[in-house]
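Since the structure comes first, as structure tokens, the remarks are kept for the end.
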Amino acid sequence: MLKAYRLLLDVSVSSFLNRTIYYLRRLPLVGRTIPESLYGGSDWKRAAAIIVLIVQLLWAAANKMIYLGLMLFLPTMAMHEDAPAKDPLQLFLAMLLPLSFLTACIWNARVLEPKRDKYVAVKLLRVPATIYMKATLSYRYITFFLSFLAALMVFLPLVGGTALDGALAAAVLTAWRLLAEWLHLKLFERIGKAITRNNAIVWLSILGGGALAYVPPLLDISPAYGLLLLSWPIALPVIAAGTVSAVLLAQYKRYPEAVESATKRDDPLLNIGQFIADSKKAQVATKAEDYKEEELDSVGQATGSHGYGYLNRLFFRRHRRLVRKPLLNRLMLCAGAGALACVVLLLLDSGNGWSVADLAPFLPFFAYNLYVGEKLCRAMFYNCDMPLMRYGFYRQAAWKHFAIRLVRLSGMNVLLAATIGAVLTLAATIAGVLPAAGDLAALWTVLLSLAMLLSVHHLSLYYLLQPYTTEMDAKNPLFFIVNMILSALCGVAIVMRPSLSTLAFITVGLLLFYMLAAFLLVRRFGALTFKIK
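Going by my numbering, the first residue of the sequence shown is number 10, and it counts up by one from there.
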């Protein structure tokens, strides 16, 4: 089993590293320094696989910490502060039980999960299905138990429990999930289908679990059923059932049937690359109503439009549905959330203790996920740039249409930033906690700077890395790495919790640096990097 898991890890890591080397070698200047012999370096790839394994183990623990912290601990403490009479341990466990014991065991079963790694291992590498499943299930539930053990032993003492309570809850949770895996297999034997792939059942379980977890506390109801997790008369039978299930899973003989069901090549959940490519094409494809003759004629009547300005004006006019829909959806979301917040503040009069400055650490994260950019770049590639990239004159003028498009994209994100700023200002006014002029100016500076920064970010990555292929798949590892770095910086802001003025200074500085670097790099290397893959 260990040999099978090591083989799978080596293959996945080697594949990722080879793609990274390929794209690094295509970069200007840097690519010349990277030797082709790195492709065959097996020793350093094995070392990288060990590092990846360590990172996976650390991420498993961090993942559970984040889950319990954001989904359970923070809501528990917020509700306990509003109503000190509520037992925080009871609240915590009342949310843990529906989310982890009911919802997750329905949609997160690993045996029947369609997964590309499973297809590669069993169908391509010819790893026996039984060995593959035993290896992956062993790794899955050992790390599952250890990560939940560490997380629960940290959080339960913070809400009034003990470290022993955390260990017991982790053991019960792991045993319950093992029992659920076994029951999924037996149900598959009876009906020949995996309920984990029934969207109706999955979403009903998610919505139902979320409602059971959060609605009762919001209605000032403190259900006691979560305490069953720490009841020895309940915990011991569950642990015993989980132990028996682990033995039965180890002795199970019909894994090939289950794996065969989960590795059908034409399954869109398995062939995820084609599934995502088709989905992305549908998102950015034009429709018949986008080509109305009278509206296209109006584009030519616009004054001051010529050259690449006219081309981009024509694109944004013809594909206004693709351009405006994401923006309008976000504007309506911001306006709706703001209206709801204002109504709640008016009814509850709960502005005491709340300040706009408290939101400062979360602004980069929300801006990164809310502002538009990546989908618009895909639309430009699929509907405009893909055929034109074949011509040298178009690539040579990359910096010209980069500047034209940056103005348009920045305008869209600035409009979003202004909407968010207006909503926050209005909510603070209604709550009676309108910040001082300096903090208010810093808030608007942060929002507008982030709008410009993310506009430059998305467009410069598109021009300098051009991650899209003709199949609409983004295969450039550098594209994902840079985006991960930026999203990690947004997470750092939540952890470091800078003040509004500090955050404003940082975002303005990053904006100036990023914009200058983007213009210089696109002007210097755009003709080389802005090409079809």
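For glycine and all other residues, C-beta sits at the position ideal for the given N, C-alpha and C.
In terms of CA proximity to F153, A69 leads the group A69, I215, P93. Within the same chain, Cβ atoms closer than 8 angstroms to the Cβ of L33 are found at V39, G40, I43, L487, the five residues on either side in sequence being excluded.
Rounded to the nearest whole angstrom, the C-alpha separation of R399 and R28 is 23 angstroms. Taking 8 angstroms as the cut-off, the beta carbon of V531 is found closer than this to the beta carbon of A407. In the three-state reduction of the DSSP assignment, Y477 falls in the strand class, which pools E and B.
Taking C-alpha positions only, N392 is separated from R330 by approximately 13 angstroms. Membership of S147 in the alpha helix (DSSP H) is indicated by the continuous run 138–167. The straight-line gap separating the alpha-carbon atoms of L16 and A113 is approximately 29 angstroms. Apart from the 5 residues on each side of it in sequence, L98 sits with its Cβ closer than 6 angstroms to the Cβ of V168, G169, G170 in its chain, given in chain order. In the structure shown, N485 falls within a coil segment according to DSSP collapsed to helix, strand and coil.
Taking the C-beta atoms as reference points, H467 is found no nearer than 8 angstroms to Y523. Across the set G447, N338, F25, L187, the C-alpha of L187 shows the shortest separation from the C-alpha of A255. Distance check between I115 and each of D448, I248, W212 places W212 closest, using alpha-carbon atoms only. Residue burial annotation: R327 is buried, with at least 16 other C-beta atoms found within 10 angstroms of its C-beta. By the Cβ criterion, the region 55–72 is not in contact with the region 192–205, since fewer than three pairs of Cβ atoms, one from each stretch, lie closer than 8 angstroms. For Q65, the closest alpha carbon among the candidates V22, P107, L512, A450 is that of V22. For Y261, the closest C-alpha among the options A344, L146, M80 is that of L146. Judged by their CB atoms, Y234 and L433 are not nearer to each other than the 8 angstroms cut-off. By the neighbour-count definition (other C-beta atoms within 10 Å, threshold 16), N485 is a buried residue.
Around the beta-carbon of Y128, 16 or more other beta-carbon atoms lie within 10 Å, marking it buried. DSSP places S508 outside both helix and strand once states are collapsed to three, so it counts as coil. Short of 8 angstroms from the beta carbon of P507, and not among the five residues preceding or following it, lie these beta carbons of its own chain, in chain order: A369, P370, I515. In the three-state DSSP reduction, N492 falls in the helix class (H, G or I). Inter-segment contact for the region 79–87 and the region 200–219 is absent: fewer than three beta-carbon pairs are separated by less than 8 angstroms. Across the structure, P265 and V131 are spaced so that their CA atoms are roughly 9 angstroms apart.
In this structure, M421 sits away from V455, with a CB-CB distance that is not shorter than 8 angstroms. Distances from the alpha-carbon of L102 to those of M80, S156, V120, G518 put M80 closest. Taking the Cβ atoms as the reference, Y317 lies roughly 22 angstroms from K384, outside the contact range of under 8 angstroms. Membership of D126 in the alpha helix (DSSP H) is indicated by the continuous run 125–128. Burial state of D394 is buried, judged by a 10 Å Cβ sphere holding 16 or more other Cβ atoms.
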